[in-house]
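A.B. asks: Right, I'll just put the structure down here and ask away after.
2 protein chains.
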Amino acid sequence: MELYHLRTFVAVAEEKHLTRAAERLFTSQPAISAHIKALEETLGVTLFDRTPKGMRLTPVGEELLPRARQALAAASAVMQHAKGLQDELIGSVRIGLNTDARFLRLTALQAGLAEHYPRLEVAMLTGSTGTNLPAVRVGKLDAAFVTGEIDDPSMSVCFLCDEPLVIGAPVSLRDQIISTDVADLARLPWVYTSPDCSHFAAMRALFDAHCCEPTRTLIANQEDALVEMIRAGVGLGIVRAGVFSNDDHAYELPVALPSVPLQFVYLRKRENDPLIRAVMHQLCAVWGIAPPADAAREAG
Amino acid sequence: MELYHLRTFVAVAEEKHLTRAAERLFTSQPAISAHIKALEETLGVTLFDRTPKGMRLTPVGEELLPRARQALAAASAVMQHAKGLQDELIGSVRIGLNTDARFLRLTALQAGLAEHYPRLEVAMLTGSTGTNLPAVRVGKLDAAFVTGEIDDPSMSVCFLCDEPLVIGAPVSLRDQIISTDVADLARLPWVYTSPDCSHFAAMRALFDAHCCEPTRTLIANQEDALVEMIRAGVGLGIVRAGVFSNDDHAYELPVALPSVPLQFVYLRKRENDPLIRAVMHQLCAVWGIAPPADAAREAG
DNA sequence: ACCACGCCATCACAATTTCCGAAGACGCGA
DNA sequence: TCGCGTCTTCGGAAATTGTGATGGCGTGGT
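Residue numbers (our numbering), protein chains in the order written: chain Y, 11 to 310; chain B, 11 to 310.
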């Protein structure tokens, strides 16, 4: 028994004629006849009395008709519900962060996602470039903010902005900072970032260029931990410009540093995933950049 | 969308593998794959995430699954209900009577029908042979008791018993009944049956044989009316033997009359109608006669 | 690092089902 | 009695569905 049997059953019951039911269902009358016959055989009951005037429901058919309607309605409900879910994103998306929410414009992103996909649960998970990348690779994250050049063909990378770096210094060490010469600074205590952080590369470049090695004091792989260490006076460190504005405990040294790109990454194979598309769409709107074109052509 | 799509959907959702779902549904894995693909296309949503380990429901699929189950259950309810109605007779059957209920053994017939077909509504409609036959012909009755020979090829006739006839006379006329000679009796007042009643034929035969004509007094086409007329002293009449046993107002004259057959008739073209079959089966049980064999061979 | 395994998607072709148009059977009404 | 409208049946065509083989892909064991 299939749905078309029931559809035909109901149509014939309502039209009381095979011919009219056939017209209503845009098919031929023999087809309708066969449907009814097959249905009657599988059900083992007679649904209609055949009269010269048409088809009249038997008491059994009368009794089965509302159930058939119910089944059709239930099937229709599936389709209806699916239509409602058509372009709806439901479930959750996990986005890895690598720095503070304001700089990443998270409230705007969250607002855009919430507005367009009210049933999408958005999880913003703090981390760092170093932890975000593998998390995205293994699927623990759907996408993530990272800094620095990403050289991974399995990743799609979306450039957001250049992030200027500065050397941050605690106020408590101001007395010991007599010059902004890198070699001098290297002798002071430093808070290291972890090697998988892009700031680490910037730091290496800086000291290598001046042929010196900083004093290692502490390694922090979370940016806010790093910032707190600097503010607490543990040592100098490389941070994004602006984190110490109007800060009583730390300030920026006027040393030119290269900037690193802030980027948004996700698995390339998911670039056509509606979830990713939606997040990217909102993200690009927030950052004022063009969303990635329909990337089907480079999917192979 | 058809039911098999939903069946496959549910099976895959439960088995989490196309392969296993295919085994469960006794078909091949590509077929299952096609079902899911087609369903996803008609619904416009993605139901499963394809993983190397199998199929995992998406949140959308998760949401649609119970509705799909509901639709399948509704369809299954149709079949279930139909199975229950399989050999059940529902609706009503109209049986025409031509004499009193006890003689027709109606309580036994009613009991048998009620026991085997509790949902069958049985209507016993009083009438006479003359009114019952056309009523059966035009479908106002499904079957009827009649007396006398029936010569109608469109009718199936089932002989039940021979019905002995007697001349009934009112006690109030006893004084005027000096002999049982028919010619003498003919001079007394008579209550006629209508010409379409088999008793009428018996009456005609009786008087024709004795070359006399009875005095017509009143015509009654209902047997109980006839009986009442006789008891009220209106005149003599031909009735079934036994109706006046222990009756204070009328009695039977010892005049030999031919008997007429009591029969049960229905439209021959309905002889395979389950309703007719059921009634005949019960009727024959009550009357202790063999039910008509599967009459398919003489249906043409 | 490699290979074997299990998973699903796709393909071409076969089997089945469904569908159609025509013809037949039947009862009704003119 | 004939015409009309109904449903049923029939043969062949069309569409759908199912099958087995093949390939891509990721995983886990060696």
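Using N, Cα and C, we set each Cβ at its ideal position, and we do this for glycine too.
Mind checking R307 (chain B): buried by the 16 CB within 10 Å criterion, or exposed?
C.D. replies: Per-residue confidence for R307 (chain B) stands at a pLDDT of 36, beneath the threshold of 50, marking its modelled position as unreliable; no derived number is given.
A.B. asks: Within its chain, find whatever has a CB closer than 7 Å to the CB of A204 (chain Y); leave out the 5 residues flanking it on each side and keep chain order.
C.D. replies: The sequence given here has Ser at residue 204 (chain Y), not Ala. Correct list, in chain order: G140, F210, I229, N231.
A.B. asks: Anyone know if the C-beta pair for V275 (chain Y) and V167 (chain Y) falls short of 8 Å?
C.D. replies: Yes, Cβ-Cβ distance for V275 (chain Y) and V167 (chain Y) is below 8 Å.
A.B. asks: Alpha carbon to alpha carbon, how far is R60 (chain Y) from S38 (chain B)?
C.D. replies: In a straight line, the C-alpha of R60 (chain Y) is about 40 Å away from that of S38 (chain B).
A.B. asks: CB V176 (chain B) to CB G245 (chain B), shorter than 8 Å?
C.D. replies: Their beta carbons are not under 8 Å apart, which means V176 (chain B) does not touch G245 (chain B) by this criterion.
A.B. asks: Taking 6 Å as the limit between beta carbons, can you name the residues of its chain near G64 (chain Y), skipping five residues before and five after?
C.D. replies: K26, H27, listed in sequence order.
A.B. asks: Is T190 (chain Y) helix, strand or coil by DSSP?
C.D. replies: The answer is coil: DSSP assigns T190 (chain Y) none of H, G, I, E or B.
A.B. asks: Against chain Y, does E25 (chain B) count as a neighbour if the rule is that its beta carbon must be under 8 Å from one of theirs?
C.D. replies: No - not a single Cβ of chain Y is within 8 Å of the one on E25 (chain B).
A.B. asks: Among residues of its own chain, excluding the 5 on either side of E233 (chain Y), which ones have a beta-carbon nearer than 6 Å to its beta-carbon?
C.D. replies: Cβ neighbours of E233 (chain Y) beyond the five flanking positions: T109.
A.B. asks: For the beta strand (DSSP E) holding T29 (chain B), just list the boundary residues, first then last.
C.D. replies: From DSSP, T29 (chain B) is part of no beta strand (DSSP E) but of the alpha helix (DSSP H) over 28–34.
A.B. asks: What are the residues that DSSP puts in a beta bridge with I177 (chain Y)?
C.D. replies: I177 (chain Y) is bridged to Y:I248, Y:L263.
A.B. asks: Which same chain residues, not among the five before or five after F169 (chain Y), have their C-beta less than 6 Å away from its C-beta?
C.D. replies: For F169 (chain Y), where only same-chain residues beyond five positions count, the Cβ hits under 6 Å are P271, Q273.
A.B. asks: From this set, Y:P224, Y:C207, Y:S43, Y:A219, which residue's C-alpha is nearest L194 (chain Y)'s C-alpha?
C.D. replies: Reading off the sequence, residue 194 (chain Y) comes out as Asp, not Leu. Cα-wise, what sits closest to D194 (chain Y) is Y:P224.
A.B. asks: Indicate whether I46 (chain Y) and F36 (chain Y) have their beta-carbon atoms separated by less than 8 Å.
C.D. replies: Contact flag unset, no.
A.B. asks: Out of B:F155, B:E281, B:C207, B:G247, which one is the CA nearest neighbour of R197 (chain B)?
C.D. replies: For R197 (chain B), the nearest C-alpha among the options comes from B:G247.
A.B. asks: Any C-beta of chain B sitting closer than 8 Å to the C-beta of P301 (chain Y)?
C.D. replies: For P301 (chain Y), the answer is no, since every Cβ of chain B falls outside 8 Å of its Cβ.
A.B. asks: Under 8 Å between the Cβ atoms of L135 (chain Y) and I105 (chain Y)?
C.D. replies: Contact flag set, yes.
A.B. asks: Would L143 (chain Y) count as contacting chain B if we go by Cβ distances under 8 Å?
C.D. replies: False, the Cβ-Cβ gap to chain B never drops below 8 Å.
A.B. asks: Alpha carbon to alpha carbon, what distance is there between Q90 (chain Y) and P302 (chain Y)?
C.D. replies: Each residue's Cα considered, the two are about 32 Å apart.
A.B. asks: List, in order along the chain, the chain B residues whose C-beta lies closer than 7 Å to that of V70 (chain Y)?
C.D. replies: Within chain B, the residues near V70 (chain Y) are L95, I100.
A.B. asks: Can you name, in chain order, every residue of its own chain whose Cβ lies under 8 Å from the Cβ of Q292 (chain Y), other than the five neighbours on each side?
C.D. replies: Within the same chain, Q292 (chain Y) has close Cβ partners L119, G122, L123, H126.
A.B. asks: Taking the CB atoms as reference points, tell me whether S208 (chain B) and G158 (chain B) lie closer together than 8 Å.
C.D. replies: The answer is yes: Cβ separation under 8 Å.
A.B. asks: Just tell me which of Y:E173, Y:F217, Y:R278, Y:D185 has its CA closest to the CA of V192 (chain Y).
C.D. replies: Among Y:E173, Y:F217, Y:R278, Y:D185, the Cα nearest to that of V192 (chain Y) is on Y:F217.
A.B. asks: Which runs of the alpha helix (DSSP H) spanning at least 4 residues fall entirely within the region 64–142 of chain Y, listed in chain order?
C.D. replies: Segments of the alpha helix (DSSP H) lying fully in the region 64–142 of chain Y: 69–94, 116–126.
A.B. asks: Determine the chain Y residues that contact Q80 (chain B) at a beta-carbon separation under 7 Å, and present them in chain order.
C.D. replies: Chain Y residues near Q80 (chain B): A84.
A.B. asks: Provide the residue span of the beta strand (DSSP E) that contains R226 (chain Y), from first to last.
C.D. replies: R226 (chain Y) -> beta strand (DSSP E) spans 225–230.
A.B. asks: How far does the alpha helix (DSSP H) with T18 (chain Y) in it reach, from first residue to last?
C.D. replies: Its alpha helix (DSSP H) spans residues 13–25.
A.B. asks: Exposed or buried, what is E51 (chain Y) when buried is set at 16 or more other beta-carbons lying within 10 Å of its beta-carbon?
C.D. replies: Exposed is the call here.
A.B. asks: For V275 (chain B), which of helix, strand or coil comes out of DSSP?
C.D. replies: In this structure, V275 (chain B) counts as strand in the three-state DSSP scheme.
A.B. asks: Counting only Cβ pairs nearer than 9 Å, list the residues of chain B close to L293 (chain Y).
C.D. replies: Under the 9 Å cutoff, chain B gives no residues; its nearest Cβ is about 21 Å from L293 (chain Y).
A.B. asks: Can you tell which of Y:L277, Y:V88, Y:I187, Y:A295 has its C-alpha closest to the C-alpha of V265 (chain Y)?
C.D. replies: Per the Cα distances, Y:I187.
A.B. asks: At a CB-CB cut-off below 8 Å, which residues of chain B make contact with M11 (chain Y)?
C.D. replies: In chain order: L13, A85, V88, M89.
A.B. asks: How big is the Cα-Cα spacing for E73 (chain B) and A92 (chain Y)?
C.D. replies: Computed Cα separation, rounded: 9 Å.
A.B. asks: Determine which residues share a DSSP beta bridge with S166 (chain B) and list them.
C.D. replies: Looking at the DSSP assignment, S166 (chain B) forms a beta bridge with B:Y276.
A.B. asks: Return the CA-CA distance between L10 (chain B) and L16 (chain B), expressed in angstroms with no decimal places.
C.D. replies: No information on residue 10 (chain B) is available, as it lies outside the stretch 11 to 310 that chain B covers here.
A.B. asks: With 7 Å as the C-beta to C-beta threshold (strictly closer), list the residues of the region 32–63 of chain Y near chain B in chain order.
C.D. replies: Here the close residues are L53, G54, V55.
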